Every structure is written in structure tokens, then in C-alpha cells.
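Novice: First, the structure itself, so that you have it in front of you.
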Amino acid sequence: MIPETMRQELQDRISSAITNREAAVDVMKALQTHYGWLTDEAVVEAAGLLGLSPLQVEELATFYEMIYRRPVGRYVIHVCDSISCWSMGGESLLRQIAGLLKVTVGATTPDGLFTLLPCCCLGNCGQAPAMMIGNSIYGGVTSLEKATDILHQHRRNT
Ligand code: FES
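Heads up: take any position in the sequence shown, counting from 1, add 10, and you land on the numbering used here.
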């Protein structure tokens, strides 16, 4: 269950939206931050806040690839696999990061720190290949050294 202050903030956000659905992503992201992923409990809470059914929230949740319906690591690494990044070595970047972390794509490291996922265009096509960790986007990740540095930065922040 979320704290009352958070509930109030989310209700204020929903009240300021033209329709409840407009606030759905914000509500799901806030609950995801609180729980670590969008748990079944969070889906029910989001539905209650938004005046939607849990099934409607589920439909929205599964549409957005940055909403996680399964447990994820502390940091989720999204490596872009859309056309610009693919043509600039995105596939290789994804493979290299999987190798660095010793996980398969979609998996979480045993220490629970990183989950590795492919994703659609991050809107950073001019600096392909791109990846995102948390709210930070990294472009021009063309070398193993650069990818390693980025991962080390996040390890240091834990
Ligand atoms: S194609 Fe990768 S950021 Fe747009």
C-alpha cells in the first residue's frame, strides 16, 4: 500500500488531467518507483486511483515498455534496437553489455543491480547507438570501453 502523501499527490495529478487515462503513465511510473516494479498490488491501486478496471490498467501497462510487470534490477539498461541504432552497431552493443554483465537479454544480474532490455527508439538517433539507464540517455556508445565506464558509474552510485 502506498503512503497517504503519495496517494494525495497522485490524486492531485489525476485531478489536473483532462481525462484520468492521461495521468495513467504518471501513476504507473510512480507506483513502479515505489514498489520497484508494477506489482499486481500496484495495478489494483492504480486502477482504484484512476477509476479504471485492473484489466484496463494492465492493458496500458503492457503497452509501455518502460513499465515493468516483472521484477527488475535496481537499474534497467535499455539498449535501442531501432533502425538508426541498429545500423550503427546497436545489436553489437546489446551483445557486448550482455557479455559484460554475464546475463542474457531480458535477465537481471545475480546481485540485482542491472536488468538488460532492448527497446524502441529513444529519440537520440543522431547519436546512435544509444542506451538509457534510469532517466539518463547515453549516445554514441560505440566502444566496449564507453559501455564499461557507464556501467561502472552506476555501480559506484550504489
Ligand atoms: S533509433 Fe536508436 S535512438 Fe532512435
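Even glycine gets a Cβ: it sits at the ideal position worked out from N, Cα and C.
The model shown is predicted, which means the values in this text are computed figures rather than measured ones.
Taking a cut-off of 7 Å, which residues have a beta-carbon closer than that to any heavy atom of the ligand FES, in chain order?
Specialist: Taking each Cβ in turn, the ones that pass are 90, 92, 93, 94, 95, 100, 131, 132, 133, 134, 135, 138, 139, 140.
Novice: Can you tell which of 16, 128, 61, 110 has the C-alpha that lies nearest to the C-alpha of residue 159?
Specialist: Considering only alpha carbons, the answer is 110.
Novice: Just to confirm, are residue 88 and residue 141 a CB contact at a threshold of 8 Å?
Specialist: Yes, the Cβ-Cβ distance between residue 88 and residue 141 is below 8 Å.
Novice: Per DSSP, what kind of secondary structure is residue 62 in: helix, strand or coil?
Specialist: Coil, per DSSP.
Novice: So what's residue 16 in DSSP terms, helix, strand or just coil?
Specialist: Helix.
Novice: Can you give me the Cβ contacts of residue 74 inside the same chain, cut-off strictly under 7 Å, excluding the 5 residues immediately before and after it?
Specialist: Taken in chain order, the residues that qualify are 35.
Novice: If you run the structure through DSSP and keep just helix, strand and coil, what is residue 160?
Specialist: Residue state, collapsed to three classes: helix.
Novice: Can you give the Cα-Cα distance for residue 19 and residue 77, rounded to whole angstroms?
Specialist: Distance between the alpha carbons of residue 19 and residue 77: 20 Å.
Novice: Pick from 29, 12, 107: whose alpha carbon is nearest that of residue 62?
Specialist: Out of 29, 12, 107, 29 has the C-alpha closest to the C-alpha of residue 62.
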